[in-house]
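Here's the structure we're looking at; comments come further down.
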Amino acid sequence: MYAEASGLPASRPAIPAKLPVAAVVLWFGALIASSAPWFNELDIGALLSAFWTFDPNNYSSVLAHYSWAPRVSIAILIGCGLGLAGAVTQQILGNPLASPTTLGVEAGGQFGITVATLFAPGLLAFSPDLAAIAGGLLAIGMVIALTWRLGFSPVTVILAGLVITFFLGAMNMAFLLLKGEWLGNLFIWGAGSLVQNNWGPFMELWPRVTLLAILMLLLMRPLQLLQLGQTSASALGARVGLIRALALLLVVLMTATIVSRVGVVAFVGLAAPVLARLLGARTLGNRLLWGTLMGGGLLLLADTLAHWASTWGDGSLVPTGTTTALIGGPVILLALQSFRNTHHMPGQESGPAGFLPRRRSPVLVTGIITALLFITVIVSMGWAPGLDGWNWTAIPQWDQAWVWRGPRLLAAMLAGVALGLAGTLIQRMTGNPMGSPEMLGISGGAALVMVLIVLSGAEVSRPGQLGAATLGAAGALGLLILLARRHRFAGNQLLLGGLALYVFMDAGLRLVMASGGTVASQLLNWMYGSTWLISESEALGLLGFMVLVSGLLLLIVRPLTILPLGDTAASSLGLSVARARLLLLLLAAVLTASATVVIGPLSFVGLIAPHLARVLGQQTVGRQLIVAALVGGLLLAVADYLSRIVVFPNQLPAGLLAALVGGVYFLWGLSRHGPHLTTPE
Amino acid sequence: MSAFFEVSSLDVNIGDTSILRNISIEFRESEVTALLGHNGSGKSTLLKVLARQMSPTAGQVSLLGTSVRTTGARAFARMVGYLPQHPPGTDGLTVRELVALGRYPWRGPLGRYNDEDHGLIDQAIADTGLDHFQHRSVDTLSGGERQRAWIAMLLAQQTRCLLLDEPISALDVKHQVETLRLVHRLAEERELTVIVVLHDVDLAARFCDRLVALETGQLIADGNPRDIMDPRVLETIYGVPMGVMERAPGQWVSYVH
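Sequences listed follow chains A and B, in order. Take the first sequence: its letter number 330 is residue 889 in our numbering, and every next letter is one higher. Take the second sequence: its letter number 4 is residue 6 in our numbering, and every next letter is one higher.
In structure tokens form, the structure reads like this:
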């Protein structure tokens, strides 16, 4: 009656041998690398005994006991804790890319500590955990609120986590620019440093980590049910909401406890379980066990690398957070290659059916936004604070004011237009309302090149920087295309590639932050979009370029309408899917690069402008493009004006303002208008 | 036969749209019932309410005389098993591991699996004819085998009632018949109460004891196959003129005029 049974496995599939082998190699490699510098001074027995005792007459022995041994112990402890937390997070959300880092929990913890340092130092002295936990809960709460109505789909959750990470990062940065003198050492802490000089922190940390780990393991069986999806899990009698909430709470507690002691150790929680999974850990129990072990080994290795780099790089501190990010990026790329069908992950519910969205007349909407844009231009050119209070510059005198106010305003507006267009292209292409150039890593590619230039110490002129950033964006794009070619440029894979690029950018940034000095502040200014650096010729060049690109956009309106119907439908309608996607990608990249050099990589405009266009009732591609471009221009024009006047005579970077305001709007808007945004995939 | 489920004056609204209106019906123990009706008639919604996946806007559902609202989650799952219309991907679980999850309502988060549990898991796998597949990953099975693996999980759950939402809609004719025959046989052997949403009225008449039809949220027909397989009744259910032939006792063929 049933199918032939030949060639079927007769027994339960065992763990593949490569998994334990890889773990052993990782641990041994890391341990030996870590202890190598000590072999000249101590024999192996003495080195091992450094973990519990020391010889007071031997300086090396004392040093090993109070510096090396606690550092190794804490690296392993934290790595294991984060690996476990990551594996649990991936199970809760049924998402192979979830982790405390990608959900914004670590950024939240850091934000909590920053706020506490500034406003309630007493709390920090009492218990650093509390501030970090509050921040972590805040971050995860925002991510959940954002994705609640979008149905927790894996990619959406990760994107929301990134938005929150960027947003909290921007808040941190705003505090830094306003109260920098208080937060200097927070930077090094924020980049994750495991340097130890006694056993105190380890002794404080291990009982907490162990307790939380045991609690997580107690939840294992209910967590396993989540693999069957919400409906089946609850049909089996599991309280899905309660389990998710409890497990997430434990993850936040674990992460925040760790972050409050050693800072942000990014991506171990992501890389370890992903690695375990790639090497063949299949069941939940296996994934938790091997994820934990991999985490310990990975972090020890990363920490050793950081230690070596600090020693070789004439003593300048290389934080462990940097090296973990350098390891995390490739792991995400590996994952991108292996997880083929990310949109059919377990536990993913189909989103609630959207009702017919409201439509509004495009003429009216564009009219109103254009009018607002004009008002902004006039106010920005004419009405400004001076040394003797606010005054009005009459129109005949504008040719004198132009040099100061014109180019930056024009450039900001054009950058906004470019980001609005690029964002619409990407959201339409990926069918995901959370996609944007920032998320695609194109901005990140441009930023990475800038970071490298700053790190190398070379003096590069402004046009040189422009060229380099464009090269970076194009490089990022090329990499994405290479990676995504197999997947025929499918949306979700692109977004994951972007995530990996963001990780690299992050690593570079942490390094620069930790080194501090003028280099760091110069880079910060650019990162957060300092429009005052723009010259007149650059602004005019950008204008010409934008006019050119807009012409090309006419060609792609119709393909863009068809693409979201899916590859099959699109190609049966006669559209060459791969070629259309390539053209769209190129356009999006060029637009993003030109905007990034002006406003930095972190504004939310590319995310918000297309979203606002939809809320304003523009549902078809062409109308959404036009309105998104106008909205983007308006947003950045206003941000540029405000950045001039808010802390006059000083200036805030316009990109930072846009990110702060945009982030707040986005959090509010998406949780409110969520259902209207789900585009059919 | 006593009433297993008792539904009284049930209303379900989603937003302003009324999905079910004033439904009162009893489902008797160890009886196989098919829910019929065209798309959007509310049959899946009724099943979801019975499975407690949706809560009704008004009205009562009681299970063996007690309101389902007061039953605990796991206690309910020990009595009622529910198979959603589109079971999700299972991410590398083997058939046996999937079936083992059916013991959760009995053992909870921490209880150990004993020999009885393993015996029941073996039994469920044997009953669905999946012995050879038990160490294969569920995701690599064909549609019919995957459906059987999920049904095996419901069997390991040892419930007295199965709620199946269109279990055969994605299968070919052979697997449709096999799956329904399996459900029918299991219901007889284990004295299960089965409520199944079906599209094919001929198969429903062939394998079910009772047919219940809904139309725009209201009950319009309820009876044994002989009552329902009547041209006039079918016409009211599906809204198109239909004819019926009785080919052999208990085997009807319906057709559209």
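Glycine included, each C-beta is placed from N, C-alpha and C at the ideal position.
- Rounded to whole angstroms, A/LEU1007 and A/SER1015 show a C-alpha spacing of 12 Å.
- Around A/VAL1149, the same chain offers VAL1108 as residues with beta carbons nearer than 7 Å, after the five sequence neighbours per side are excluded.
- Contact between the region 73–91 of chain B and the region 36–43 of chain B is not established, with fewer than three Cβ pairs separated by less than 8 Å.
- With fewer than 16 other Cβ atoms inside 10 Å of its own Cβ, A/MET762 counts as exposed.
- For A/GLY788, the chain B residues whose C-beta falls within less than 8 Å of its own C-beta are PRO86, PRO89, PRO90, listed in chain order.
- Think of a sphere of 8 Å around the beta carbon of B/ALA75: the chain A residues whose beta carbon falls inside it are SER793, GLY796, ALA797, ARG798, in chain order.
- Taking C-beta separations shorter than 6 Å and ignoring five residues to either side along the sequence, the partners of B/ALA215 in its chain run LEU38, GLY39, ILE222, ALA223, ILE239, following chain order.
- Listed as beta-bridge partners of B/VAL255 by DSSP are B/MET247.
- Using a Cβ distance threshold of 7 Å, A/GLY667 and A/LEU697 count as a contacting pair.
- Nearest neighbour of B/PRO233 by Cα position, chosen from B/ALA172, B/LEU157, B/GLN160, B/VAL203, turns out to be B/VAL203.
- Under a criterion of Cβ atoms nearer than 7 Å, the residues of chain B adjacent to A/THR842 are, in order, GLU99.
- In this structure A/ILE937 is exposed. Its beta-carbon is surrounded by fewer than 16 other beta-carbon atoms within 10 angstroms.
- Assignment of A/VAL1205 by DSSP, reduced to helix, strand and coil, places it in the coil class.
- When the beta-carbon positions are compared, B/ALA75 and A/ARG798 come within less than 7 Å of each other.
- The Cβ neighbour count for A/ALA1218, taken over all protein chains shown within 10 Å, is at least 16; the residue is labelled buried.
- Counted as a single uninterrupted DSSP element, the alpha helix (DSSP H) harbouring A/THR706 occupies residues 687–706.
- Counting only the Cα atoms, A/GLN959 lies some 36 Å from A/MET730.
- Among the residues facing chain A, B/ALA151 is not included, as its CB has no counterpart in that chain under 7 Å away.
- Contact of B/HIS120 with chain A is not assigned, every C-beta pair being separated by 7 Å or more.
- B/LYS45 is classed as buried because its beta carbon has at least 16 other beta carbons within 10 Å across all chains shown.
- A distance below 7 Å separates the beta carbons of A/ALA861 and A/ILE886.
- Non-local beta-carbon contacts of B/HIS177 in its own chain, meaning distances under 6 Å to residues more than five positions away in sequence, involve GLY146 in chain order.
- The three-state secondary structure of A/SER594, taken from DSSP, is helix.
- Listed in chain order, the alpha helix (DSSP H) elements of length 4 or more contained wholly in the region 52–132 of chain B are 75–81, 97–102, 106–109, 117–129.
- The beta carbon of A/GLU600 lies closer than 6 Å to those of SER619 in the same chain, with the five residues before and after it left out.
- Chain-ordered listing is empty here: chain B has no CB closer than 7 Å to the CB of A/PRO575, the nearest sitting near 13 Å.
- Using a C-beta cut-off of 8 Å, the region 653–668 of chain A makes no contact with the region 629–640 of chain A, since fewer than three inter-stretch Cβ pairs fall below that distance.
- Closest option to A/LEU1201, judged by alpha-carbon separation, among A/GLY1067, A/ALA971, A/VAL976: A/ALA971.
- Looking at the backbone, the Cα of A/VAL1197 and that of B/GLN87 are separated by about 50 Å.
- If you check the CB distance, B/GLN149 and B/THR181 come in under 7 Å.
- Under DSSP, A/PRO572 shares a beta bridge with no residue.
- The closest CA to that of A/ALA589, considering only A/ARG1203, A/ALA644, A/LEU857, A/ALA865, is found on A/LEU857.
- In the DSSP assignment, A/TRP942 is bridged to A/TRP951.
- According to DSSP, residue pairing for B/ALA223 in a beta bridge involves B/ALA215.
- The Cβ of A/LEU1070 sits no closer than 7 Å to any Cβ of chain B.
- Closest by C-alpha distance to A/GLY788, out of B/VAL14, B/ILE123, B/GLN55, B/ALA154, is B/GLN55.
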